[in-house]
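What follows is a set of notes on a single structure, which appears directly below.
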Amino acid sequence: MKWTTDTDCKWMSHLYITGHSLGGYLAQWVQSEMIDGALPWVESFAVTSNAPGFNPLMKFINNGYELKVINKLVNDKLKEYDSLIINHRIKQDLVSGFGDDLGIVYHYDCKTEGFPGYHHDVKQFKEVKEVQ
91 MKWTTDTDCK WMSHLYITGH SLGGYLAQWV QSEMIDGALP WVESFAVTSN APGFNPLMKF
151 INNGYELKVI NKLVNDKLKE YDSLIINHRI KQDLVSGFGD DLGIVYHYDC KTEGFPGYHH
211 DVKQFKEVKE VQ
């Protein structure tokens, strides 16, 4: 991503970052890196679905990464990301319940029950009841 923003930034007017599951985690990461100034700024916005959040208690190989996660969580509590990162999660999804998502989080109830991984599938958003 850094290479893209460094080389192609002059050609971009807007960047829309989306992702589901791990892709949603990465979308949050990239958008937060731009907001934090670690990547060149491009007018951008991130939207995720059923993405896991950030957890400072995870054991990281790289302590620098752990420090970045902690700083991001502090910035999130200060609402630094709320206008540029939107997360959508189904309450029954186990994966998206892990960690804290950056930015605003909308929770949805699913109309149907299913096996443990059922609610993680992005297709299940067509079965949601309402935003809460």
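Residue 91 is where the sequence shown starts when you use the working numbering, and the numbers rise one by one after that.
C-beta: ideal position from N, C-alpha, C; glycine also.
All values derive from a computational prediction rather than experimental measurement.
Identified DSSP bridge partners for residue i
i	result
ILE107	ALA136
HIS210	Per DSSP, none; premise fails for HIS210.
ASP172	Per DSSP, none; premise fails for ASP172.
ILE180	TYR198
ASP190	PHE144
Same chain only: Cβ atoms within 7 angstroms of residue i, ignoring 5 sequence neighbours per side
i	result
MET102	VAL132
GLN182	CYS200, HIS209
Own chain partners of residue i with C-beta closer than 8 angstroms, once the 5 adjacent residues on each side are dropped
i	result
SER134	HIS104, LEU105, TYR106, ILE107, GLN121, MET124, LEU174
For residue i, the first and last residue of its enclosing beta strand (DSSP E)
i	result
ASP199	194-200
Residue from the options whose Cα sits closest to the Cα of residue i
i	options	result
THR202	GLY193, ILE180, ALA128, GLY187	ILE180
VAL185	ASN153, GLY207, LEU192, ALA128	GLY207
Own chain partners of residue i with C-beta closer than 6 angstroms, once the 5 adjacent residues on each side are dropped
i	result
TYR198	ILE180, VAL218
Span of the alpha helix (DSSP H), counted from its first residue to its last, around residue i
i	result
ALA141	It is not in any alpha helix (DSSP H) - ALA141 carries neither H nor E in the DSSP assignment.
SER122	112-126
GLU156	153-167
Counting Cβ pairs, one atom from each stretch, are 3 or more of them under 8 angstroms apart for the stretch 108-119 and the stretch 137-144? yes
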